[in-house]
Each structure stands twice: as C-alpha cells, then as structure tokens.
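Chains as they are written, first to last, in the numbering used here: chain A, 1 to 324; chain B, 1001 to 1320; chain C, 2001 to 2332.
Read through the structure below, which is laid out as structure tokens, and then see the notes.
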Amino acid sequence: MRGADYLIKRTGAALLTVFVAITLNFILFRAVPGNAITALRCLHCTKQFKAALEKELGLDKPMLQQYTIYLGNLAQGDLGTSLVDRRPVWQNLKTPILNTLPMLAVATIVSVVIGVAAGVMSAWRRGTRVDRINTWTALSFYAMPTQWIGLMIVFYVALRFGFPVAGIRDPALGILEEPSTWTVINDRIRHLILPALTLGIGLYGEYALIVRSSMLETLGEDYVLTARAKGLKNLRIVYRHGLRNAMLPLVTLIALSFGYILAGAIVIEEVFSYPGIGLATIDAIDRRDYPVLQGAFLLLTLTVIFFNFVADLLYFKLDPRVTA
Amino acid sequence: MTMEAIPPIGGEVAAPVASNRARRGPVRKLLTGDRQALVGAVVLALFVAIAIAAPLLSPYSPTAKVGAVYGRPSSAHWLGLDDGGIDMLTILIWGARVSLLVGFAASFMAMLIGGTVGILAGYMGGKTDTVLMRITDYFLVIPDVPLMIVVAAIWGQSLFNIVVIIAVIYWTSTARLLRAQVKSVREQVYVKRARSLGAGNARLIIKHVLPQVTPLLIANTVLTVATAIFAETYIAFLGLGDPSQVSWGKLIQNSLTGGAIFSDAWWAIVPPGICVTLVILACTMVGQSMEDAMNPRLKVGHLSVHRFRLRALPREPGGT
Amino acid sequence: MPESTLQIEDLHVWFELDGGELHAVQGVSFALERGERMGLVGESGCGKTTTILAMMGLLPANASVAGSVFLNGEDILKDGERSVAPHRWKDIAMVFQGAMNAFNPVKRVGDQIAEPMELHGTARGRAAKDRVGDLLELVGIPGSRADRFPHEFSGGMRQRAAIAMSLACGPKVLLADEPTTALDVMVQAQILELLTGLTDELGLALVFVTHDLPVVAQTCGRAAVMYAGRIAEEGATADLYHDARHPYTRLLFSATPDLHGKEKIISIPGAPPRLDRAITGCPFQPRCDRAFAPCPTIAPRTVSVAERHVAACHLNEVPAERLGGAGATGAR
C-alpha cells in the first residue's frame, strides 16, 4: 500500500499530540490559582466540607501522583466527577455531544455547499461585478463575530418567522399525548435548523475565499491551457481539471478548520440556548465546574486533533504527488 | 480562526507583458492609491481616532445612568440606551478603546514573540531552528479555541491577561512566515557578511535581515490585529473577559444577557457587531493589500466566459 | 501556388490592458508544407509564442485578432472561437513550453493522452488505450507507463509524453513552443531527434518556436525571424545563415556559436521597442548597424528576395548599389 510508513508516521505523531494534549489539560487545571475546591461556590460548602471533598478528589496528594491517577482514570474512560451535580463528567457530556453532532453536520454541509458555489462562481467570473459582490460578501461574513450573526438572526429572522429560539425540543410536546415519531423529528429539525444555518453562514466565507483563490490558481495552470488546446469545452475543463484540483485544498481546509467550527458552535449554542457540548462548556465555565470543563476541553481537543489527522490522510490520498 | 487564511482578493486580468512600473514597496502602495488599502487604512484610522478621542467625543459618561433601561433612540440619545440605562453611543465609543487596545496590544506582542522566534529560527538554522520549530508546531497543534477558553477561564478576568493569552496563542503563524522569509534573505546576508568582516550576528540581523522582513512583519501584524479583535470578542462573549472593562465584545454579550432581543432593542444589538466587522474588514484590507504588494500574483486565467474578439485588418500594412 | 498545408496571412493580435493596447503581433505571414520544419525565432517578447497561440485560437479574453490562418485552404480563424475550436488537436496541435505543467498532476498520463481521442472521435475505450500505448512507444516510452502520474516521469520523458499527447488525434500541423528549453543537452538532442523523425515519418508541418539558434540550424529546414511582433525575415535556414537579408538576422546568426567552436554570445545592444504605442519606421532601426535614410520614418515592406525567401528591410529595395559593397548581408 502506498505510504504505509506515512500512515504509521502520522498516527504516531497524532498519538503523541494526544498525549501532549492530555498532559497539558492536566497541567492547566492544576495550575488554577488556589485550587478548584476553594473557588467552588455552593450553598453549604463549609470549610470541613471542602476539605473532605479535596481529600475525596485526591487533590491533596503530590502532583506526580495525581497525574498518574489522572492517566489511569482516563484509560478507563473516567473523566472525573462534576463538582456541581456529583455525577460522572461523561454523563454530563454525553447527551450534549449527541445534540451537537447533527447540528454541526448540517452547518458544515451548508457552509461547504454555499462556499464552493460562491467560490467557483467568483473564480469563473473573475473581475466582474458578480465576483466582487461575492467576494466582499464572503469577507464580510467572515469578519462578523459568529455570535453576533446569531443574535441578528434570532432578532430579525427567528422571532419574525416564528422559529424556536431556545432548546432542542418543544417543552409542550409529550405532555398531553404521546407525540408521533414524525412530530418529534419535525420538532428537532425546527430547533436545529436555525442554529445550523447561522453557523453555516458564519463559516462559508472562509471556504468561499479559499475555493475562489484555489480555483483561480488552478485555472491559470498550464494544464488548463492544454485542455483548452485539446478542444475541451470550458465547462468540461472546469469540471474535469479545475474542480478536482481546486478542491484539494478545500478538503483539507475543512478538516483543519474543525477547531473554528467548534468555536462557532459554542457561541451559537449559547445564543440559541441549544443544549449541545458548547452550551455545556459555557455552563461549566459559569459554574466553575472544573472537572466538566476539563472533560469538555479534552474531548474538544481530541476531536480537533483527530480531524487534523484525517486531513493529513485525506491530502495524502487525494494528491498523488505527496510522498511519504 | 486566523485571518491569514484569507487569500488575495484582487482579480485583475494580468498583462501578458510585465508592467514597466517599478515594483512599489508596500507602504508606498498604501499611500499611492491602491484603493482597497486606502479605504481600509482610512476606516482604521477613523476608529483609532475615535478611540483616542473618546473622552472628548462621547456625549455622556460611560458609567452614568441617564435614562430608562433600553430607552429608545432619540435626538438626545442617537443610539438609545443599554440595559443599564447608559447612553449607547457613549459606551460604543469607549468600547472602541478597549477593543482596539486589546487588538493592537495582543497583535504587537504576538509579533514580538513570533518575529523573534521566526527570525532566530530562520537565521540560525540547524539545531536552534529545529527546536524552535518543534515548539511552534506543538503550539499549533493544540486547538486554539478550546485552549483559549480554558486559559481564559482560569486566568482571565483582567485585560492584561487577555492580551497575553491571545498573543501566546496566535504568534505561531507569524513565526513560520518570518522564518521562511528570513531563510530566503539569509543567502544575501552571507554575501554581505563576507564583506563586513567582523560584524557580529546581531548587527547583521538588525542591519540586513530586519529591513528585508519588516514589511512582511507589518503586514502580518495588521492581519493579526483582526484576529485578536475577533478573539477578544469571543472571549468576552463567553463571559471570560475583564468585567471592569467594556469592549465591543462585552456589549454583544450584554445584548444577549440583558434581554435586548426581547425588548426589541436593535440599537443594543446591531452597532457593536457592525463596529467589530468594520474594523476587522479594514485590517484585512490593509494587511492583505500589503501582502499582495509583496507577492504579486500575476497569473493569467486560461479560461473565461468571454472569448477573444475578431477585428478588421489595420489599413496600413505593418502598422497599428 | 498549390494550397499550402499551413498558411498564415497578415495575422495581428492585440491585447487590451489597463493602460491601453498592446499590439503583440503585427502582420505575420508565412506558409509551410507537410514535412517541413520551420523555426520561429526571436528575442523574448517578440510575439512568437503569441503567434502560435493565435493559430489555435488560444488567446485570453482581452485579446483581439485579425488576419487569417489557412489550414489546407480553410481559414479557421474566420469566425473566431467557433470556427477554430473544431480543429483543435484534430488538425493542429501543440507541445507546450515546460511540459512539467502541461500535464494535470492528479490524473494519469495515459488518461490525459486519451482524453482528446474520445472527444474528437479518434478512438474510444479499449481502442483508445491501445492507441495510447502505441503513441508512447512511438516517442520511446514503454507503454506500461501510461498508468503513471506525471510526477513519476523525468523531464525528458514528460516532454516525450507531451509530444505523444499532441499526436493523439493525428494532426497535420504541430506547434512546439520551446520544447527543449530547461532540458539538459543530452535530453535536448534526443527530443530534437524525435521531433525530426516524427515529422518525417508522419509528414507533419512543424512550427518550432525557440530562441535557441543552433537548434534551429540543426533541426529546421526553414526559419522565420520575428522582431517587435513582425517577421523580419523568413526563408530556408541555410539562406538565413549564408545570405541574410535583414541586419537583425545577420546579427542574430553571427552571434550563434558554430557547432565546433566555443560559445560566444554577441548581444545586440539596446532593447526591442514597446508594443503599446505605434512605431514609425522600421522597429529595428534604433539598434540597426545598417540604418539609413528611410529607416526612421518609413516602415519597410516585406519583399521577396528570392524563391521562398522574404525580408522586411529597406536595404532590399535599394537597387544595384548595395551600401557597404557586395555581401552586405554578412555572409561568412
């Protein structure tokens, strides 16, 4: 198989990065001034209670020992316990993750489709007004803070057109009667669609600009002139020689910009009160629930590392020029 | 989340014969009429001026409650009042101070760190280079946003910390860019080194390398300002910013927590976002134009919707 | 005169620029028969590449064209893109400068060679694959290489593959734009030999654009010298060598090292004129060592000085008393 050693090398690098991330996670949270317990705010947190909690969570042990315990726990899938509701962190995060995934998927699809369409159209009609309008629109959306786009959409679109602006389900559903599957799905989609669309709009700008640039670069390549010399019609050249080559950077860009996608998801969920991993993270911050925050950070980081890894592999697979 | 990902915007059809105009330096280009760069620079300068002159320009005090919560815009209050009864226009102007300060400070610091690392790595090469690049790579690999969130949650709460956090997360691209540039300049420097016998490394770097990489450094810094402002807006929205300072980012967050949406108070929602967008756009225009000036892309497109035209033969043989 | 395989008549090309208009090709005419190889030479920017691109209508949107390109008697530029497109690759094909990029890096070489075949109905499917193999063998590449990607070929092999690709649909005219530049001398010689052999074997008419005169001397029976968008002189290569009728030709060819001698570059002082403004008189006049009275003001006409030998220089229109004595043309 071509590049088996490349695969091994990249996997090794990714694993190393994972390890660094885990360690960094540990260090960061132990470096909190004071420690997590003293910062804890709760109604009945007396000194004794906090001391007992400390002992229970093992925060009174030496650093290195804590680290080993931490690693051991991770290996067993134990992300710690929430300081607020005393449940395992994973329990706190599982449902939010499942809520976020479909929204992210829709958002990514929306942003890619619009981005590619805009980028190709711009490159095709380079220098014309269409190009300029497209480019500046993409740039503007790219420059807008994602949360602000969310607020604007909620304000001007959601309320006007009766879209739900909070949560993932209509709380009234299921009270009087058992809702049909179709109603449930419909309800979920209604709650999901605006956050997803908003996130998509916030993201498409970067893709549009990259696709445009990549397409322009490709259309200026000699093999495009050769294709034209061979008698291929413009559209055919764009499809067979242009897109394939221009999309290469886009594919890896999408994978690499996963961090940006996540960042946008976090604030969008806050704006729309959508109970996903983003909102869970923000809640954890607000309540100073460090174990949950730590768990969320770890999961987010690992996901991004994973997608970077995927990007590496994708590029290798798609571009025959890349060698190990 | 970086603005460096933006590719060049200019879409001129290239001349088949190279222009006879001397290649202009990026600053000259800025001043001599690259419209995009000019507009961007003007907008930026305007905002900076507003920020500096905040005490003079603001009609009211940024902390004084002058009316009802979410009071509507009127002739006395052009942009109405916010959720604390404070004049929106005033607080917007003062917000410019904080946002721009953070943006420029963080970017400057990122430039210092990234520039130093990049120049050293590019100039020294060898072991130093490898080590520095390894460090850079590890910084790059840790996703910026989760890191920023966590670090801000732990250490945030003060403007200075925010600036440092942003700088520490975003210096890497500057480092890489500069390293590449310095490497290409280094060859020339070694030639000069042979001549200026006895000149130490530091002197060479300052006298010969620095002038060559400064334009690129400045262009990159301007682009980083955009990123920094974006990042500050983000941090503030998560409630991790300095609670005693009001930035545009904080204003956006206020509009959510203060219930501006349900109070139908567009004046609390729209203006801060527009300001942020304009400043980021302006920085992008300027920074991108500068970068374009240094790496002109004169590729002719081989395909076009339009075709070449036919024309009548000129009347005089061999002439136009 | 019998209908030539390729006949260019008064070809003009303009490019619309920001500042004005560039008259890149200013009335180029020549004719070529099957089996003939013509070198199109000149300094950078003289318009030689633009000329051959125009022959196939491969000009950008800011270009405009006048004149005719006759392929076996038919003016393919008559209706612009519409009339020229059907002939591309089928009747007239091109080998581009720097075959490095003439191939799409993410597609296999064999597929790219076969691509025009299906388009023009030369062959499809299995037959196309076989034909690709044959073409590769013809240029000296093992047929099994068809499944490889361009970056797996060496520079010389890629150029051969590009030549094979150009022959895919059996054209009668082949245009080569600096096909041997950037190749090392050994490989260069092989490619030249290949081109020579192919044009003889297949009866192609070859227009060979280059700035490398020894190559022209070696490979091409005919040559045309371009200057400032015009043809300064055109004829049999031997005639241009021994009986140059344009001072530019003479200077160019005398700067050529002969096959056994050492290389000496005699550069002609000065630079070619700008083509974005009208030129009065002879474009070469400022650098010419034989310029005289009419040169600065009257543009020289292209006159026939011998059988299939033309030149655009006032010197050819001065009867009997040649200035500078007999052999004013600098014969060696």
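Ideal placement from N, C-alpha and C gives every residue a C-beta, glycine not left out.
Counting only the same chain and skipping the five closest in sequence on each side, list residues whose C-beta sits under 6 Å from that of T2199(C).
R2037 and L2206
Less than 8 Å between the CB atoms is what I'm expecting for G77(A) and P291(A), so what's the real figure, rounded?
Not a contact, Cβ separation roughly 14 Å.
Keeping to the same chain, check which residues put their C-beta closer than 8 Å to that of D2134(C); ignore five residues upstream and five downstream.
G2143
Taking 7 Å as the CB-CB cut-off, is R2020(C) touching chain B?
It is worth fixing the name first, because residue 2020(C) is Gly in this sequence and not Arg. Taking Cβ atoms only, chain B never reaches closer than 7 Å to G2020(C), which makes this a no.
Beta-carbon within less than 8 Å of M144(A)'s beta-carbon, same chain only, minus the 5 sequence neighbours each way: which residues are those?
G202
If you draw a straight line from the alpha carbon of V106(A) to that of H191(A), how long is it in whole angstroms?
12 Å
Neighbouring residues, chain B, relative to A335(A) (Cβ below 7 Å)
Nothing can be reported for residue 335(A), as the shown portion of chain A is limited to 1 through 324.
Assuming V1246(B) and V1098(B) make a contact with CB atoms under 8 Å, what is their CB distance in whole Å?
6 Å
Roughly how many whole angstroms lie between the Cα atoms of V2209(C) and V2215(C)?
10 Å
Buried or exposed: where does L71(A) fall if 16 or more other Cβ atoms within 10 Å of its Cβ makes it buried?
exposed
How would you list, in chain order, the residues of chain C whose beta-carbon sits under 8 Å from the beta-carbon of L1310(B)?
S2064, V2065, A2066, L2077, D2079 and G2080
Just checking: is the beta-carbon of P2273(C) within a distance shorter than 7 Å of some beta-carbon in chain B?
no
How about H262(A) and L298(A): are their beta carbons less than 7 Å apart?
According to the sequence shown, residue 262(A) is Leu rather than His. Their beta carbons are not under 7 Å apart, which means L262(A) does not touch L298(A) by this criterion.
Residue environment, K317(A), which counts as buried when at least 16 other CB atoms sit within 10 Å
Counting Cβ neighbours within 10 Å, K317(A) comes out exposed, since fewer than 16 surround it.
Inter-residue spacing [alpha-carbon to alpha-carbon] between P2300(C) and G2281(C):
7 Å
At a cut of 8 Å, does the segment 1137-1157 of chain B reach the segment 1079-1093 of chain B through at least three beta carbon pairs?
no
From this set, G2229(C), A2085(C), Q2190(C) and S2068(C), which residue's C-alpha is nearest R1311(B)'s C-alpha?
Looking at the Cα atoms, S2068(C) is the closest of the given residues.
Can you check whether the C-beta of D2243(C) is within less than 7 Å of a C-beta belonging to chain B?
no
So which residues on chain C does E221(A) lean against when the C-beta distance must stay under 7 Å?
N2101
What separation, rounded to the nearest whole angstrom, lies between the Cα atoms of G1318(B) and Y2248(C)?
Note that G1318(B) has pLDDT 46, beneath the 50 cutoff, so the model's placement of it is unreliable and no number is given.
Where G127(A) and I149(A) are concerned, what is the direct C-alpha to C-alpha distance, given to the nearest angstrom?
28 Å
Based on Cα-Cα distance, which residue from R2126(C), A2066(C) and K2048(C) lies nearest to L1313(B)?
Among R2126(C), A2066(C) and K2048(C), the Cα nearest to that of L1313(B) belongs to A2066(C).
Does the structure place the segment 228-244 of chain A close enough to the segment 179-191 of chain A that three or more beta carbon pairs sit under 8 Å?
Contact between the segment 179-191 of chain A and the segment 228-244 of chain A is absent, because fewer than three Cβ pairs lie under 8 Å.
Where do the ends of the beta strand (DSSP E) carrying E2234(C) lie?
R2230 to A2236
For S1289(B), decide whether its Cβ has a neighbour in chain C, counting only Cβ atoms nearer than 7 Å.
no
Under a Cβ-count criterion, where at least 16 other Cβ atoms within 10 Å of its own Cβ denotes burial, should T46(A) be classed as buried or exposed?
Classification of T46(A): exposed, given that the 10 Å Cβ count is below 16.
Measure from the C-beta of G12(A) to each C-beta in chain F and report whether the shortest distance is under 7 Å.
The displayed structure is made up of protein chains A, B and C, and chain F is not among them.
With distances taken Cα to Cα, identify the nearest neighbour of L1056(B) among V1042(B), D1137(B), I1093(B) and E1291(B).
Of the candidates V1042(B), D1137(B), I1093(B) and E1291(B), the one whose C-alpha sits nearest the C-alpha of L1056(B) is I1093(B).
DSSP-derived helix/strand/coil call for M2056(C)
coil
Compute the minimum distance between the beta carbon of G1125(B) and the heavy atoms of the ligand ATP, and state whether it is under 6 Å.
Ligands are entirely absent from the displayed structure, and the ligand ATP is therefore not among its contents.
Return the first residue and the last residue of the beta strand (DSSP E) that M2226(C) is part of.
R2222 to Y2227
Buried or exposed: which applies to G141(A), given that a residue is buried once 16 or more other Cβ atoms fall within 10 Å of its Cβ?
In the sequence under discussion, the amino acid at residue 141(A) is Phe, which differs from the Gly named in the question. By the neighbour-count rule (16 or more Cβ atoms within 10 Å), F141(A) is buried.
Using DSSP's beta-bridge definition, name the partner residues of W2014(C).
H2023(C) and S2064(C)
At the 7 Å Cβ level, is A1153(B) part of the contact set with chain A, yes or no?
yes
Please go through the same chain and pick out, in chain order, the residues whose beta-carbon is closer than 8 Å to the beta-carbon of R2108(C), but skip the five residues on each side of it.
Only A2146, D2147, R2148 and F2149 meet the Cβ criterion.
Would you mind giving the Cβ-Cβ distance between D289(A) and L83(A), rounded to the nearest angstrom? I have them listed as a contact below 8 Å.
Approximately 5 Å separates the beta-carbon atoms of D289(A) and L83(A); this is inside 8 Å, confirming the contact.
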